Amino acid sequence: MRLRLMKWHIWLGWLAGVPILLWTISGLFMVAQPIETIRGEHLRAETPAVALGEALPVFPRIDSAIRPVERVELTQRPGGAQWIIRFADGGGRRASVETGAYLAPRLTSDEAAQLARAAYSGDAPLNEMQRFEADANPMDLRRGRPAWRARFGDTIHVYIDAETGDTLALRTRLWRAFDFMWGLHIMDLQERSNTSHPILIISAILALLMTIFGAIVLPWRYIRKRRSRKT
230 MRLRLMKWHI
240 WLGWLAGVPI
250 LLWTISGLFM
260 VAQPIETIRG
270 EHLRAETPAV
280 ALGEALPVFP
290 RIDSAIRPVE
300 RVELTQRPGG
310 AQWIIRFADG
320 GGRRASVETG
330 AYLAPRLTSD
340 EAAQLARAAY
350 SGDAPLNEMQ
360 RFEADANPMD
370 LRRGRPAWRA
380 RFGDTIHVYI
390 DAETGDTLAL
400 RTRLWRAFDF
410 MWGLHIMDLQ
420 ERSNTSHPIL
430 IISAILALLM
440 TIFGAIVLPW
450 RYIRKRRSRK
460 T
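Taking my numbering, the leading residue of the sequence shown gets 230, the next gets one more, and so forth.
Dropping the structure here:
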């Protein structure tokens, strides 16, 4: 029985060795840097407080029968305060504080660039603006939202929601490396979100069995050595 368990332990070690190595390398990389650095918190500008003029803000006209509304927020933007209407289906619209009238349903490239500059506190220049539809998000966004991507320098991406003007994400080269390692860690390099799939489950079972067999065989060998010394 002992020899059989040793053989199983060795063969399981060969099978589970690769995923264990991948888990260790990716896990070590992910904990090597503070999560705040990975998220680029040091490159995010502080959100300004809402500043209103002397005139009272005009609340936008809302008809929940046409499109259910989840909430309405007052937000400060570079050009002044704006209403943000957030719908129950996940979409949103902007509205003027002075008149309550709805603004254009989608931001222009210039508007998105202005918002990206306000959200970014680094010193890299803005080199490119590119728009993505909700069903064609790049790998480092994956929010399912229509968005503008502002590229600062060569590696920093600031994503602006094309409907609401929200800052969806700030991505750095370190974040993209972290995201790749996360996908490697959960063995899902395509979506990088599925933490329960057959490859991962089978690999974890093999690693568990290898550990159990090793835990059984190791003291068995120790006891046998002690007995052989006494004899």
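All C-beta atoms, glycine included, are put in the ideal place defined by N, C-alpha and C. None of these values were measured; they are calculated from a predicted model.
- DSSP places M358 inside the beta strand (DSSP E), whose first and last residues are 355 to 361.
- In the displayed model, I431 falls within a helix according to three-state DSSP.
- Within the segment 252 to 317, the complete beta strand (DSSP E) segments at least 3 residues long are 298 to 306, 309 to 316, listed from N- to C-terminus.
- Beta-bridge annotation (DSSP): H426 is not paired with any residue.
- Taking every protein chain shown into account, the CB of V260 has fewer than 16 other CB atoms within 10 angstroms, so this residue is exposed.
- Boundaries of the alpha helix (DSSP H) around D408: 402 to 414.
- Listed in chain order, the non-local C-beta contacts of G320 below 7 Å within the same chain comprise E392, local neighbours out to five positions each way being set aside.
- Rounded to whole angstroms, the separation of the alpha carbons of A436 and G242 is 8 Å.
- If you compare the alpha carbons of V326, Q419, I415 with that of L429, the shortest gap goes to I415.
- Taking the Cα of G269 as reference, the smallest distance to any Cα among P289, L447, S432, F407 is reached at F407.
- Relative to R306, the option among Q343, F316, R402 whose CA is nearest is Q343.
- Judged by DSSP in its simplified three-state form, L447 adopts helix.
- Among the bridge pairs identified by DSSP, H238 is matched with none.
- Inclusion of W404 and I267 in the CB contact set at 8 Å is warranted, their separation being smaller than that value.
- No Cβ-Cβ contact shorter than 8 Å links Y349 with A294.
- Across the structure, I389 and I431 are spaced so that their CA atoms are roughly 40 Å apart.
- Of all alpha-carbon atoms in G382, E327, Q419, the one lying nearest the alpha-carbon of L355 is that of G382.
- Taking 8 Å as the cut-off, the beta carbon of H238 is found no closer than this to the beta carbon of G373.
- With a cutoff of 8 Å on beta-carbon distance, G256 and R323 are scored as not near each other.
- Just so you know, the alpha carbons of W377 and G309 end up roughly 20 Å apart.
- Residue pairing by DSSP places A324 opposite W312, Y331 in a beta bridge.
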